[in-house]
Amino acid sequence: MNTTIMLFLLQDGITNGAIYALLGLALVLVFAVTRVILIPQGEFVTFGALSYAMLATGQVPGTAKLAMAMGVVAFGLDLFEARRSLRPRRVARAVALNIALPAAIMALTYGLAGPKTPIAVNIALSLLIVAAIGLFLYRIAFQPIAHTSVLVLLIASVGCHLALQGLGLVFFGAEGLRGPALSNTALTIGPLRFTGQSLAVYGLTVAFIVALWLFFGFTLMGKALRATAVNRLGARLVGIRTTLSGQIAFLLASIIGAISGILIVPITTLYYDTGFLIGLKGFIAAIIGGLVSYPLTAVAALLVGSVEAFSSFYASNFKEVIVFTLILPVLVLRSLAAPAVEEEKD
Amino acid sequence: MSALLSVSDAHVSYGKVEAVRSVSLEVADDEIVTIIGANGAGKTTLLNAIMGVLPLKGATAFAGTDMTPLDIEDRVAAGLCLVPEHRELFGTMNVEDNLQLGAFRIPKATAARSFERVYTLFPRLKERRKQLAGTLSGGEQQMLAMGRALMGAPKLLMLDEPSLGLAPIIVADIFRTIGELRAAGVSVLLVEQNAQAALKIADRAYVMELGEFILSGSAKDIASNQRVAASYLGFQHEGASGI
């Protein structure tokens, strides 16, 4: 192998790795705050990517209606939960969040969608739609069972993944879609050609890592989220609503997922079920990071991306096998290093 | 006497086991009230139920409003705060962050004043403000737990066994601080096994046994009660009345 090929593979690996890093960070974030292993992360990727691709062709994606429907269900749940003390303020808040918000997003989507809509508007619309879906997904599927064990949450998570994937098939069909590139500029350094798209991938990944670091390290809300993860009861005793923390975690995760999707859909054709595999690679990075460490997850994601790039060059048939085998030595090492602990009840 | 906290006919159960039976209590403004009793009497259970951590059957009112429909978070916002037995600190975050989160529900300007107040009460916390909460000594953790609760400017502070597992000199320090809180306009509901220390600073006391209050009255009367003296203060003879 010559250096040029190696550089190409490395470049490819780092571009993919940056995407996996974003998804891995989102997984760590959600797990830390809610103890949910977010399998549907991949669906946020496909929903974001394919909504953007559909909007680019001037069509209104079905996800806008899904957000509305989920909002109605969430509203019903809110009302049911507050049935014993239906204070006007509480009801008004529930209406604003669960009905007015998705209705506004749907109205915007129908109003703005068209063949001549600028790319930036399409991106904003798809982000809004997927963010709303993420928010309501937590409200509907996870908030009612927030106190249960990690295993129960995982099973619910798998259920959400299957349901959303099925809906993805309904909304986007079995054929793959591609979206328009964010920019057509390119930059050549030596033998390597950096497209505007891949530069956007790097830039956004770094920006997100810095933003998450700032958010969790320096803002009160970020600290409150961390506190929820460290000690749930302690957090409630200082007045932090753990349900709000969970909603924010899911909101961030869905936005990160959708951004990842929008970043890759101009590079590769995405199908309704592609997200799952991409999400799993982010998951491997998160596992290598022990589901707690953001920097370790980011580094691991770059490793996963590079291993994938090199194995697709040498043994493309075994590409996925090699990548997923990465997880085995990590799990063995981790289970040897840490004694088995019973899950704490809270 | 207007009651800040009033609980009437409270029952708390774990499944079929009733841990607290038909308990009524009141705490007035600027009052220190203590609940003393042996291990397993139901004191911690009662505090947790008043806070909303455990479901309570019965009526609870705080500052004139019915608390039954409120979540823990709303009770905190109303000015009720619990320092739990296990302290429940944010161990992997530093002292300053722990305190800052204590002021989660109050405006930023007020929080700055709370910081001043807590650091004056516990100068040790100021020295350790960049240290992780989990690495503090037991006494410092108790101070931090109390400091974090005070950051939210509560009207009533409920303390669950603040002396548990601490050296006597630190216990004295903590109790002195509890006494100072009254001057700052904070009422205290104190649950203690260390009856002697608790009765010394309290205005009124309840004695709890097997989930029920068997005695109540001014701290002085309780301290001189023969039965209490024999069971909780370690005096065997009539001389107990001389405290």
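Going down the list, the protein sequences come from chains C and G. Its first residue numbered 221, the first sequence is counted upward by one per residue in the numbering used here. Its first residue numbered 43, the second sequence is counted upward by one per residue in the numbering used here. Beta carbons: idealized from backbone N, C-alpha and C, even for Gly.
Please tell me whether residue i and residue j are closer than 7 Å, where the distance is taken between their beta carbons.
i: G94/G; j: R117/G; result: yes
i: G244/C; j: A521/C; result: yes
i: D245/G; j: A261/G; result: yes
i: G481/C; j: A344/C; result: no
i: I349/C; j: S271/C; result: yes
i: G399/C; j: P338/C; result: no
i: N396/C; j: T489/C; result: Sequence check: residue 396/C is Gly here, not Asn. Against a cut-off of 7 Å, the Cβ pair of T489/C and G396/C comes out as a contact.
i: G292/G; j: A187/G; result: Shown here, chain G extends from 43 to 285; a query on residue 292/G therefore has no answer.
i: T384/C; j: P260/C; result: Residue identity check: residue 384/C is Leu in the sequence provided, not Thr. Cβ atoms of L384/C and P260/C: closer than 7 Å.
i: Y274/G; j: S258/G; result: no
i: G189/G; j: L208/G; result: no
i: A52/G; j: V69/G; result: no
i: F295/C; j: I319/C; result: yes
i: R224/G; j: Q183/G; result: no
i: M250/G; j: G82/G; result: no
i: M326/C; j: A284/C; result: yes
i: L258/C; j: A473/C; result: yes
i: L247/C; j: F428/C; result: no
For residue i, return the contacting residues in chain G, with the cut-off set at a CB-CB distance below 8 Å.
i: I460/C; result: E115, L143, F146
i: K443/C; result: M135, D139, Q142, L143
i: S590/C; result: Residue 590/C falls outside the range modelled here, since chain C spans only 221 to 566, and no answer is possible.
i: L440/C; result: Q142, L143, F146
Please classify residue i as buried or exposed, where buried requires at least 16 other C-beta atoms within 10 Å of its C-beta.
i: H279/G; result: Interpretation of H279/G is limited by its pLDDT of 49, a score under 50 that renders its predicted location unreliable; no figure is taken from the coordinates.
i: E563/C; result: For E563/C, the predicted structure reports a pLDDT of 49, less than 50, and the residue's modelled location is therefore unreliable. A value from the coordinates is still provided. Exposed is the call here.
i: G379/C; result: exposed
i: E301/C; result: exposed
i: Y422/C; result: exposed
i: S532/C; result: buried
i: H367/C; result: exposed
i: I239/C; result: buried
i: N140/G; result: buried
i: A61/G; result: buried
i: S205/G; result: buried
i: R446/C; result: buried
i: K565/C; result: Bear in mind that the predicted position of K565/C carries a pLDDT of just 43, short of 50, making it unreliable; the figure below should be weighed with that in mind. It is exposed - the Cβ of K565/C has fewer than 16 other Cβ atoms within 10 Å.
i: A91/G; result: buried
i: I274/C; result: The question names Ile, but residue 274/C in the sequence shown is Met. That one is buried.
Where DSSP assigns a beta bridge to residue i, which residues make up the other side?
i: G259/G; result: A247/G
i: I573/C; result: Nothing in the structure corresponds to residue 573/C, since chain C is present only between 221 and 566.
i: E68/G; result: S48/G
i: E234/G; result: I78/G
i: N136/G; result: L174/G
i: V54/G; result: V62/G
i: I409/C; result: L412/C
i: S229/G; result: L198/G
i: F104/G; result: L47/G, T107/G
i: C123/G; result: L199/G
i: L206/G; result: Looking at the DSSP assignment, L206/G forms no beta bridge with any residue, so it has no partner.
Which residues in chain C sit within 8 Å of residue i, going by Cβ to Cβ distance?
i: R159/G; result: Simply none; closest approach about 16 Å.
i: A104/G; result: Inspection of the sequence shows that residue 104/G is occupied by Phe rather than by Ala. Per Cβ cutoff of 8 Å: no residues; F104/G is ~14 Å from chain C at best.
i: A119/G; result: G459
Taking Cβ-Cβ distances shorter than 9 Å, what residues in chain C pair up with residue i?
i: P126/G; result: L453, G454, L457
For residue i, go through chain C and note every residue whose CB falls closer than 7 Å to its CB, in chain order.
i: F132/G; result: A447, V450, N451, G454
Given 6 Å as the limit, tell me if residue i has its C-beta closer than that to any heavy atom belonging to the ligand GTP.
i: D113/G; result: By its list of ligands, the structure shown contains no ligand whatsoever, and the ligand GTP lies outside what it can speak to.
Open item on the list: At a CB distance below 9 Å, what residues from the region 197 to 214 of chain G approach chain C? Give them in sequence order.
Closed with: The region 197 to 214 of chain G vs chain C, Cβ under 9 Å: nothing.
Task: chain G contacts made by the region 446 to 475 of chain C, where a contact means CB separation under 7 Å - done: So the list reads R446, A447, V450, N451, L453, G454, R456, L457, V458, G459, I460, R461, given in the order they occur along the chain.
Open item on the list: Please identify, using Cβ separations under 7 Å, the residues of the region 162 to 193 of chain G that lie next to chain C, in order along the chain.
Closed with: Under the 7 Å Cβ criterion, the region 162 to 193 of chain G contributes R190.
Open item on the list: By the 7 Å beta-carbon criterion, what residues does the region 216 to 242 of chain G contribute toward chain C?
Closed with: Listed by position along the chain: nothing, the set is empty.
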